[in-house]
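Protein chains in written order, with full-length UniProt numbering: chain A, 1 to 156; chain B, 1 to 156.
So the structure is just underneath, and the comments pick up after that.
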DNA sequence: CGCCATTTGATACTTAGCTATCTATTGATT
DNA sequence: AATCAATAGATAGCTAAGTATCAAATGGCG
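What follows is the structure, given as structure tokens:
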């Protein structure tokens, strides 16, 4: 063996590696704020969603499955940053709300993610960024992972 | 709030999502072969490296830290697909070797990763793929994740 | 009305990544 | 030669993803 990987062959590998590096960089910077790990992602998406979003909607926006979100919310609720409310209309659902305490944390998250983005993307042309985003979109479509705009996905 | 995410803002989020989808797709297809989770990545890299690669070299190639590789190798060794040998030259190092049993497994891994790649990249132009790869490279450089060429990292 | 499929969120368990730390070995410096 | 810093791999403990499963609530249909 030992044949060198040709370009396309590296695509998946590189994609995974770069994604891990990116996330690790943000985590590293936010870790100094007590804001450990990826709860920042949940908060960020929550702040973008219309108020009274349900857990289901939030999970879909973040791009994770139910149980993953449940645990993130457990932590955020314990830290007093969010609260879950049972709505009278449908007692199965719980709407998730940012508490006032989350505001400064969110500011910090926005500043940090923006800073990382600015630093990393500064080397790239607008065209390069646009191409990558288009490619991400196409791949996500193909793999059934389009987070917004629920098309009826026929799985099988 | 509720302002829509503008393009660049989505970059990091999309990157993470697409990477997870890609990996999940391969995992899903390989899971039916008893070959669970990401041990396939380790095997694949091992097959590309010169014989008698050490764990350190393998970890670097795969893009993970030592402990992560240790566990993957533990599983692969228990399954009889690889073996670790202590070399006489330096008794700290262990060279990792593919066993004969790994050959059909590797074939399956190569076929599956190639199939996923072909399906997903079929929609993309050669130029798009090339641009993405170039971007991945630049980002990895910036984040210090260049797999080879260990720079001294000053942590603090 | 009463039963059953669907939906929502929660729980248990598994895998995989990380950092921090440990042990054994090596090799340089005194 | 003895000591001490550096290196290779292993271990422990954390966080976060996933699937499978459960319980409660809802809503349609006989």
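By construction, the Cβ of each residue, glycine as well, lies at the ideal position given by its N, Cα and C atoms.
Let me confirm a value: residue i is counted as buried when at least 16 other C-beta atoms fall within 10 Å, else exposed. Which label applies?
i, result
"residue 86 (chain A)", "exposed"
"residue 101 (chain A)", "exposed"
"residue 107 (chain A)", "exposed"
"residue 155 (chain A)", "At residue 155 (chain A), the pLDDT of 31 sits below 50, so the modelled position is not reliable and the matter cannot be decided from this model."
"residue 12 (chain A)", "buried"
"residue 42 (chain B)", "buried"
"residue 59 (chain A)", "buried"
"residue 153 (chain B)", "Low confidence applies to residue 153 (chain B): its pLDDT is 32, below 50, so where it sits in the model is not reliable enough to give any reading."
"residue 78 (chain A)", "exposed"
"residue 148 (chain B)", "In this predicted model, residue 148 (chain B) has a pLDDT of only 37, less than 50, meaning its place in the structure is not dependable; the value taken from the coordinates is given anyway. Looking at its Cβ environment, which holds fewer than 16 other Cβ atoms inside 10 Å, residue 148 (chain B) is exposed."
"residue 53 (chain A)", "buried"
"residue 65 (chain B)", "exposed"
"residue 56 (chain B)", "exposed"
"residue 61 (chain B)", "buried"
"residue 63 (chain B)", "buried"
"residue 45 (chain B)", "buried"
"residue 16 (chain A)", "buried"
"residue 14 (chain B)", "buried"
"residue 32 (chain B)", "exposed"
Please report whether the beta-carbon of residue i lies at a distance below 8 Å from any beta-carbon of chain B.
i, result
"residue 25 (chain A)", "yes"
"residue 63 (chain A)", "yes"
"residue 135 (chain A)", "yes"
"residue 66 (chain A)", "no"
"residue 120 (chain A)", "yes"
"residue 162 (chain A)", "With chain A represented from 1 up to 156, any question about residue 162 (chain A) goes unanswered, as that position is not in the structure."
"residue 76 (chain A)", "no"
"residue 80 (chain A)", "no"
"residue 131 (chain A)", "yes"
"residue 108 (chain A)", "no"
"residue 117 (chain A)", "yes"
Shorter than 8 Å from the beta carbon of residue i to some beta carbon of chain A?
i, result
"residue 10 (chain B)", "yes"
"residue 84 (chain B)", "no"
"residue 113 (chain B)", "yes"
"residue 22 (chain B)", "yes"
"residue 140 (chain B)", "yes"
"residue 90 (chain B)", "no"
"residue 35 (chain B)", "no"
"residue 14 (chain B)", "yes"
"residue 105 (chain B)", "no"
"residue 28 (chain B)", "no"
"residue 17 (chain B)", "yes"
"residue 58 (chain B)", "no"
"residue 101 (chain B)", "no"
"residue 149 (chain B)", "Because the pLDDT of residue 149 (chain B) is 32, which lies under 50, any placement of that residue in the model is unreliable, and the number read from its coordinates should be weighed accordingly. It does not; no Cβ of chain A falls within 8 Å."
On the three-state DSSP scale, how would you describe residue i?
i, result
"residue 10 (chain A)", "helix"
"residue 162 (chain A)", "In the structure as shown, chain A starts at 1 and stops at 156, and residue 162 (chain A) therefore has no counterpart that could be examined."
"residue 143 (chain A)", "coil"
"residue 33 (chain A)", "coil"
"residue 124 (chain B)", "coil"
"residue 4 (chain B)", "With a pLDDT of 45 at residue 4 (chain B), under the threshold of 50, the predicted position of this residue should be treated as unreliable, though the coordinate-derived value follows. Coil."
Using a Cβ-based criterion (distance less than 7 Å to any ligand heavy atom), does residue i qualify as near the ligand ZN?
i, result
"residue 90 (chain A)", "The ligand ZN is not among the ligands present in this structure, which contains no ligands whatsoever."
Could you give the uninterrupted runs of the alpha helix (DSSP H) lying entirely in the stretch 37-121 of chain A, keeping only those of 4 residues or more? Considered as a whole, the stretch 37-121 of chain A harbours 39-48, 55-62, 66-78, 102-121 as its complete alpha helix (DSSP H) runs of no fewer than 4 residues, in chain order.
The stretch 8-26 of chain B contacting the stretch 125-142 of chain A, beta-carbon criterion three pairs below 8 Å: Counting Cβ pairs under 8 Å, three or more are found: they touch.
So, does the stretch 34-42 of chain A touch the stretch 72-83 of chain A, judging by three or more C-beta pairs under 8 Å? Judged by Cβ distances under 8 Å, the stretch 34-42 of chain A makes contact with the stretch 72-83 of chain A, as three or more pairs qualify.
Touch check for the stretch 82-98 of chain B and the stretch 24-33 of chain B: three-plus C-beta pairs under 8 Å? The stretch 82-98 of chain B vs the stretch 24-33 of chain B: no contact.
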